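Heads up: the structure comes next, in structure tokens.
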Amino acid sequence: MALDIEPLFTATPEFVTPRLVLRAYTAADLEALRAVNEDPEVTQYLPYSTWKTLEDAHAWQARLEKRAAAREGMQFAIRIQASGELLGTALLFGFNIDHEVAEIGYVIGRAHWGKGYVVEAMQPLIDFAFDRMGCHRLGAKLDVRNRASARVLEKLGFAYEGTARDDWFKDGVRSGTAFYGLLRHERLSGVVRDNG
Numbered sequence: 000m001a002l003d004i005e006p007l008f009t010a011t012p013e014f015v016t017p018r019l020v021l022r023a024y025t026a027a028d029l030e031a032l033r034a035v036n037e038d039p040e041v042t043q044y045l046p047y048s049t050w051k052t053l054e055d056a057h058a059w060q061a062r063l064e065k066r067a068a069a070r071e072g073m074q075f076a077i078r079i080q081a082s083g084e085l086l087g088t089a090l091l092f093g094f095n096i097d098h099e100v101a102e103i104g105y106v107i108g109r110a111h112w113g114k115g116y117v118v119e120a121m122q123p124l125i126d127f128a129f130d131r132m133g134c135h136r137l138g139a140k141l142d143v144r145n146r147a148s149a150r151v152l153e154k155l156g157f158a159y160e161g162t163a164r165d166d167w168f169k170d171g172v173r174s175g176t177a178f179y180g181l182l183r184h185e186r187l188s189g190v191v192r193d194n195g
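Using numbering that gives the first Met the number 0, you'd call the opening residue of the sequence shown number 0 and step up by one each time.
What follows is the structure in structure tokens.
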């Protein structure tokens, strides 16, 4: 058996939750996403710099489009159902077809922190990765200082797997990366998954 990424790229899934809708990211989302990625508090722990210009936003979008064209990842815009407001994005990427693994990522605007939106948005994406794509393992990594994101992953059932010390350098600060993982049988059995 191998990881099947085709449903992600051919069906272009849409995910609807009680409060949110996730759709494939398009260029039309860029302007709304600028408000998220131009905030240094939002991007401080992310692997890219805070957007300072429209060119920064376009460079990010070009990388995103290249990743999607190469079928290396799919970015989803996260919006509030009732208003259509863009909160941030969710990403499924890092596919290893033979080993049946992938990685998740996400970013959300500061005005929406602490409201459970990331957990709500990521649950259907995680379900899709396991149920439709046949993932055996989903991974996630984050800056060790980002305790809020670690709590999100723990609520989603991910287990902390270790830390790579001082493995990246951004804005004059060296930091480590914390690694998290969720296995298919853990998610299906409910052993680790906490929907609270």
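Heads up, the beta-carbon is just placed ideally off N, CA and C, and yes, glycines get one too. A quick note: this is a predicted structure, and the numbers were derived from the prediction, not measured.
The beta strand (DSSP E) runs lying completely inside the region 5-74 and spanning 3 residues or more are 19-23, given in chain order. In this model, residue 185 and residue 54 are separated by some 42 Å (Cα to Cα).
Under the DSSP assignment, residue 174 falls outside any alpha helix (DSSP H), being part of the beta strand (DSSP E) whose first and last residues are 172-182. Residue 105 and residue 119 have their C-alpha atoms roughly 12 Å apart.
Boundaries for residue 155: no beta strand (DSSP E) harbours it, and the DSSP string shows neither H nor E there.
Apart from sequence neighbours up to five positions away, the residues of its chain that approach residue 102 with a beta-carbon distance below 6 Å are 92, 93, 138, ordered along the chain. Burial state of residue 156 is buried, judged by a 10 Å Cβ sphere holding 16 or more other Cβ atoms. DSSP places residue 96 outside both helix and strand once states are collapsed to three, so it counts as coil. Boundaries of the beta strand (DSSP E) harbouring residue 142: 136-142, taken from the DSSP string. Contact annotation, residue 66 with residue 134: C-beta distance approximately 18 Å; criterion of less than 8 Å not satisfied. Of the candidates 145, 43, 179, the residue whose Cα lies closest to the Cα of residue 171 is 43.
For residue 3, the secondary structure class from DSSP, reduced to helix, strand or coil, is coil. In the same chain as residue 50, and ignoring 5 residues on each side of it, the C-beta atoms closer than 8 Å to its own belong to 33, 36, 37, 42, 56, 59, in chain order.
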